[in-house]
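Below: the structure, in structure tokens.
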Amino acid sequence: MNVCSDFPRHGLRFLLLAAVLLINAHAARADWPQFRGPLGDGHVTAAGDSTTLGLPLTWSETENVTWKTPIPLRGWSTPVVLGGQVWLTTADPAGHDFYAIGVDAETGKIVHNLKVFHCDAPEPLGNPVNCYAAPSPAVEPGRVYVHFGSYGTACLDTATGKTIWERTDLPCRHYRGPGSSIILFENLLILTMDGVDMQYVAALDKMTGKTVWKTDRTTKWTDLDSTGQPIKEGDMRKAYTTPCVAMVGVQPQLFSPGAKAAYSYDARTGKELWKITYTGYSNASSPIFDHGLAFLHSGHDINELCAIRPDGTGDVTKTHITWKAKLPATRTPSPLLVGDLLYAVSESGKLFCLEAKTGQQVWAQPIGGTFVASPVYADGRIYFFNQQGNTTVIRPGRACEILARNKLADGFNASPAVGGKAFFLRTKDALYRIETK
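Its first residue numbered 102, the sequence shown is counted upward by one per residue in the working numbering.
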């Protein structure tokens, strides 16, 4: 059960859920099954779990590197880790061929290099920022799920590499390439398709690939030109976010930001529960949930970090936004919550620390470089990875205490993964296993 969680700070109704999630988190501690980890929040272990894993504080090209494996072609997807395997996706830069790569976690040897899809006429990316293999896979025992947006979604056998099922009939004009990752919830594989032509969320039966539900966004667009066509070919209608699921009472809510609006759906049925509206678009940051609040970024334009109470219905823009904080250019890296403090890094390298319950800024500190990867929290430390190959490690708290600065040869567009006592770090050209020697 992979969910973002609200642990028992708000009454007895959360105690049972918290116990279940803590058990699941302990069982999955050695694994990184999807984007942002086992709970979808960037934490290696569950909230309140003080277990120390022994992850390294420092590394370089010559320190604490167990292996380094060149990865062919191009991809920004986060690696996923399970059962001694690391899976990631890649594609040729022209977007014709799409691959799933399985790596032996102990040796770094590429065990599977599988061409999953081919496209004769891919849509040009439109800019050099994205690539054709940006969405991250998801993995569970015996199966890995790979997703390339409208170019295809597939389930593969992790032992043989054989295709169990595939879908190429979920349309969306990405315009600047796909970006939203898939997530697993109960029997469902949930996809987000926010393109310039259509915007929807869908859930597939993870065993068969058949559609269980599909829900269109209900955004009211105001971007038509004098001819009645969307300006900039609909560029302001797209988004790249990956949702998360949280239990609100007894209901699993799927928090799913899109362009111009963020939504909550019933994760099991796809029914829209509530939404808020904003002016942002092209947002790629994933939401998180804790303290009874959903935290999310609104995206490009007047980028705001918003905290929303999840107990409303319909349009709750005027009634359920607890606070909003304007944070420049924080639309891509996801926020991270540790205790009562919320951390968000901008694309230009400024790190913000806010009070989670009020949105009040505690401190702000430039940490250098440019960022698209999301941070992780482990062993009482937060790790931030930039596009220049640098990792800044801080101790969470009411002052910015930098513990280490690490450097690898190439930069990070992919977010990190953790397995056991090791980081699995994907740079632009290679996959590393980093652990204390």
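Note that the Cβ used here is the ideal one computed from N, Cα and C, for glycine as well.
Backbone CA spacing between residue i and residue j [nearest angstrom]
| i | j | result |
| --- | --- | --- |
| F525 | T471 | 20 Å |
| D530 | P173 | 7 Å |
| T167 | Y533 | 8 Å |
| N288 | Q466 | 42 Å |
| P171 | K210 | 10 Å |
| K427 | G350 | 30 Å |
| I422 | A408 | 6 Å |
| Y364 | T420 | 15 Å |
| I332 | L325 | 6 Å |
| R175 | Y252 | 16 Å |
| I483 | N231 | 26 Å |
| A126 | L140 | Confidence at A126 is low in this model, with a pLDDT of 41, below 50, so the placement of that residue is unreliable and no value is reported for it. |
| N541 | G155 | Because the chain here runs from 102 to 538, residue 541 falls outside it and cannot be looked at. |
| D441 | E162 | 35 Å |
| L509 | E207 | 20 Å |
| W314 | F356 | 16 Å |
| N214 | S178 | 15 Å |
| F218 | G335 | 27 Å |
| G278 | Y341 | 9 Å |
| Q135 | I389 | 15 Å |
| Q330 | G184 | 50 Å |
C-beta atoms of residue i and residue j nearer than 7 Å
| i | j | result |
| --- | --- | --- |
| F201 | A234 | One detail in the question is off: residue 201 reads as Ala in this sequence, not Phe. No, the pair does not count as a contact, with Cβ atoms beyond the cut-off. |
| L250 | R274 | Per the sequence shown, the amino acid found at residue 250 is Gly instead of Leu. Contact flag unset, no. |
| A457 | L443 | yes |
| R499 | V463 | yes |
| A479 | V145 | yes |
| S399 | S435 | no |
| L406 | G143 | no |
| D412 | K376 | no |
| T316 | G371 | yes |
Where the beta strand (DSSP E) containing residue i begins and where it ends
| i | result |
| --- | --- |
| D306 | 300-306 |
| W160 | First-last for W160: undefined, no H or E at that position. |
| Y366 | 362-367 |
| G520 | 518-520 |
| F396 | 394-398 |
| R268 | 264-268 |
| V230 | V230 -> no beta strand (DSSP E), and no H or E assigned at all. |
| E456 | 451-456 |
| C273 | Here C273 belongs to no beta strand (DSSP E), and DSSP marks it neither H nor E. |
| C407 | 405-409 |
| Y484 | 482-486 |
| Y478 | 477-479 |
| R534 | 531-535 |
| C256 | 254-258 |
| L442 | 442-446 |
| V212 | 211-219 |
| N491 | 491-496 |
| D391 | 389-391 |
Where residue i sits in the DSSP three-state scheme
| i | result |
| --- | --- |
| G335 | helix |
| G512 | coil |
| I291 | strand |
| Y341 | coil |
| Q186 | strand |
| E373 | strand |
| F472 | coil |
| E502 | strand |
| R175 | strand |
| I283 | coil |
| G203 | strand |
| S357 | strand |
| L428 | coil |
| S383 | coil |
| P467 | strand |
| E164 | coil |
| S327 | coil |
| F524 | strand |
Nearest candidate by alpha-carbon position, reference residue i, set the options
| i | options | result |
| --- | --- | --- |
| Y379 | P242, H401, Q300 | H401 |
| A260 | V212, N228, N231 | V212 |
| K321 | A222, M337, M308 | M337 |
| K522 | S178, T163, A360, V182 | V182 |
| L257 | P242, G469, L271 | P242 |
| G262 | T343, L271, V247 | V247 |
| T312 | F486, F390, L292, I265 | L292 |
| T264 | P434, T254, H398 | T254 |
| F513 | G520, A505, G490 | G490 |
| G203 | H197, V240, Q352 | V240 |
| R137 | A474, D511, G329 | A474 |
| W188 | S327, S281, P238 | P238 |
| K307 | G278, R244, T319, T343 | R244 |
| M299 | T342, L158, P272 | P272 |
| G481 | V439, Q461, G184, E448 | V439 |
| D205 | P180, T493, A385, A195 | P180 |
Chain B within 7 Å of residue i, Cβ atoms only
| i | result |
| --- | --- |
| G350 | The chain labelled as chain B is not found in the depicted structure, where only one protein chain is given. |
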